[in-house]
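Numbering (my numbering), first residue to last: 3 to 597. Just so you know, even glycine gets a beta-carbon here, dropped at the ideal spot from N, CA and C.
The structure is reproduced here in structure tokens:
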């Protein structure tokens with residue numbers, strides 16, 4: 003029984019062939035299948051979306067027409083004309099001329115619709131009616147009686163025969179009764195006739211297929227506009243349109259014996275609907291073209307993948323295989339210099355050449371590092387031996403200082419005992435178990451131990467006042483940053499002040515940062531020294547005696563935390579000096595600066 007072939011067991015040559023097939027042919031097959039399976043659905047949805055969007059645009063246009071009709075009906079000129087016509091029937095010819103002139107001016111300036119104005123009693127204005135509408139008996143028509151009697155606005159489709167000379171297609175009109183704005187008494191009827199060309203500009207652009215038909219229908223399925231030029235009643239197949247429910251619908255129905263995709267969208271609160279009918283054969287044409295195109299590209303990519311795979315196998319796989327063999331040989335000889343013989347493939351200017359040159363450079367670097375490692379190990383052993391000879395045990399130092407304190411207390415030399423105790427605390431807190439991060443509390447304890455030793459050394463009190471916010475005490479802090487600042491204040495600030503000297507150490511949180519202020523009432527710092535006090539230049543270090551402590555603290559803060567952390571010096575001659583230390587708030591539990 004044969005074992006299944008695993009990809010990891012294939013050579014690079016066959017893996018390249020397999021990968022090319024998987025990356026090019028398989029995805030193309032998958033994409034082609036998805037495209038074919040989804041294309042018809044996409045076409046259907048696109049057709050429906052076009053119908054719905056056009057329906058929304060038509061709806062907006064119809065509302066615009068209604069708004070324009072309301073503006074005309076509320077205009078002072080039309081209100082005055084119709085009100086005067088009602089009150090004064092004696093000058094009927096002059097009134098007819100004025101009203102006709104007004105209607106002509108409105109229609110002439112507008113390309114979207116025509117306006118018709120009718121009196122409530124056409125028989126009372128025969129001159130105007132004959133001039134405007136010829137021999138039409140408007141008063142006997144049902145739509146006119148309905149608007150005059152009931153006053154409720156409505157849309158109506160006028161057949162070409164109902165509007166002689168107006169258009170060859172049906173005309174969609176919005177009919178409203180005109181009222182006086184002062185008394186709300188009926189004044190007449192205003193009809194807005196939408197030009198058929200406007201409907202054409204909205205509907206014709208969405209026709210996508212040769213045999214597609216698009217109709218704008220009334221709610222009783224009368225044709226208002228048709229892209230195929232057929233008006234009047236719909237064909238018998240259109241009876242099934244009643245099964246499409248608003249506001250939008252899509253279904254497959256039979257029209258003229260052909261299965262067709264029917265999409266519909268309602269307008270004006272279901273007064274009108276836009277219907278698109280497309281034979282399925284038209285919809286299938288793009289899918290068939292796409293299918294043939296996919297098959298052609300599939301053959302092309304399959305041949306291309308085989309050709310490219312063969313080319314890459316010859317040009318790249320074989321050199322890589324040779325590179326692997328050479329690397330194994332070099333490793334087998336423990337990177338011996340005699341085992342390295344550069345191949346001519348290293349002269350290539352492509353990726354293979356980069357690999358070979360990179361390998362040879364790496365081998366030379368490894369040989370150099372191996373040599374340095376041997377020398378480093380030898381030197382390390384020598385240094386370890388030297389360190390063992392000079393190493394001091396901190397515990398031995400602490401225990402010795404404690405012994406001195408106990409001996410001093412036995413001899414009732416309490417001052418010596420306190421000095422030894424303070425010195426032990428100073429060593430212990432300074433070393434901080436080898437950690438670079440301490441706490442504010444421990445740093446203040448170190449500072450207090452230093453002050454105890456300094457007071458004993460000077461044989462007089464060192465006046466230092468602490469004003470530390472309790473919220474700071476347990477926060478992490480870089481070790482050995484307060485003591486150098488206080489030492490600097492003692493040596494250079496209040497050294498000559500005697501008992502009048504004073505140092506204040508303040509600490510608190512400012513803008514989310516830890517801030518300490520070490521202020522003294524000494525003579526201050528001269529301007530020429532203060533301007534270079536915190537500069538790290540070698541010349542400045544030599545010229546400023548005792549300034550190394552400040553520089554050390556400032557550079558450590560800047561090195562590990564960056565700006566704006568560090569020190570700031572505030573001083574005026576004769577008014578003392580304040581050193582401001584700005585330190586970040588570190589996460590709890592942090593013990594090293596490089597974490």
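The three-state secondary structure of residue 557, taken from DSSP, is helix. Contact check for residue 276 against residue 266 passes: the beta carbons are separated by less than 9 Å.
Nearest C-alpha to residue 491 among 555, 500 and 579: 579. In the assembly as shown, residue 171 is a buried residue. Its beta-carbon has 16 or more other beta-carbons within 10 Å. In the structure shown, residue 523 falls within a coil segment according to DSSP collapsed to helix, strand and coil. In this structure, the straight-line span from the alpha carbon of residue 367 to that of residue 333 is close to 14 Å.
Comparing alpha carbon positions, the residue from 20, 590 and 219 closest to residue 304 is 20. Taking the CA atoms as reference points, residue 222 sits about 52 Å from residue 29. Around the CB of residue 585, 16 or more other CB atoms lie within 10 Å, so the residue is classed as buried. Under DSSP, residue 194 forms a beta bridge with 117 and 176.
Residue 259 is bridged by DSSP to nothing; it lacks a bridge partner. Under the three-state reduction of DSSP output, residue 496 falls in the coil class, being neither helix nor strand. When rounded, the separation of the alpha-carbon atoms in residue 445 and residue 529 is 31 Å. Secondary structure of residue 229 (DSSP, three-state): coil. By the neighbour-count criterion, in which a residue is buried when 16 or more other Cβ atoms sit within 10 angstroms of its Cβ, residue 481 is buried.
By the neighbour-count criterion, in which a residue is buried when 16 or more other Cβ atoms sit within 10 angstroms of its Cβ, residue 346 is exposed. Judged by DSSP secondary structure, residue 321 falls within the alpha helix (DSSP H) whose first and last residues are 320-334. When only Cα atoms are considered, residue 122 and residue 82 end up about 15 Å apart. By the neighbour-count criterion, in which a residue is buried when 16 or more other Cβ atoms sit within 10 angstroms of its Cβ, residue 214 is buried.
Taking the Cα positions, residue 498 is about 56 Å away from residue 377. For residue 68, the closest of 286, 155, 103 and 138 by C-alpha to C-alpha distance is 155. Within the model, the alpha-carbon separation for residue 350 versus residue 356 is close to 8 Å.
One Cα belongs to residue 454, the other to residue 532, and the distance between them is close to 29 Å. Within a 10 Å sphere around the beta-carbon of residue 95 sit fewer than 16 other beta-carbons, which makes this residue exposed. The straight-line gap separating the alpha-carbon atoms of residue 231 and residue 272 is approximately 23 Å. With fewer than three CB-CB distances shorter than 8 Å, the stretch 132-146 does not count as touching the stretch 204-211. Check the Cα spacing between residue 500 and each of 568, 477, 485 and 461: the tightest is with 461. The residue among 516, 312 and 435 with its C-alpha nearest the C-alpha of residue 566 is 516. Linking residue 573 to residue 523 through their CA atoms gives a straight-line distance of about 10 Å. Under DSSP, the beta-bridge partners assigned to residue 569 are 583. For residue 478, the enclosing beta strand (DSSP E) starts and ends at 478-480.
Cβ neighbours of residue 514 within its own chain (closer than 8 Å, five residues either side excluded): 587. Take the alpha-carbon of residue 297 and the one of residue 224: they are about 46 Å apart. Counted as a single uninterrupted DSSP element, the alpha helix (DSSP H) harbouring residue 457 occupies residues 442-460. In the assembly as shown, residue 124 is a buried residue. Its beta-carbon has 16 or more other beta-carbons within 10 Å. Here residue 504 has 465 and 523 as same chain residues with Cβ atoms under 6 Å from its own Cβ, once five neighbours each way along the sequence are excluded.
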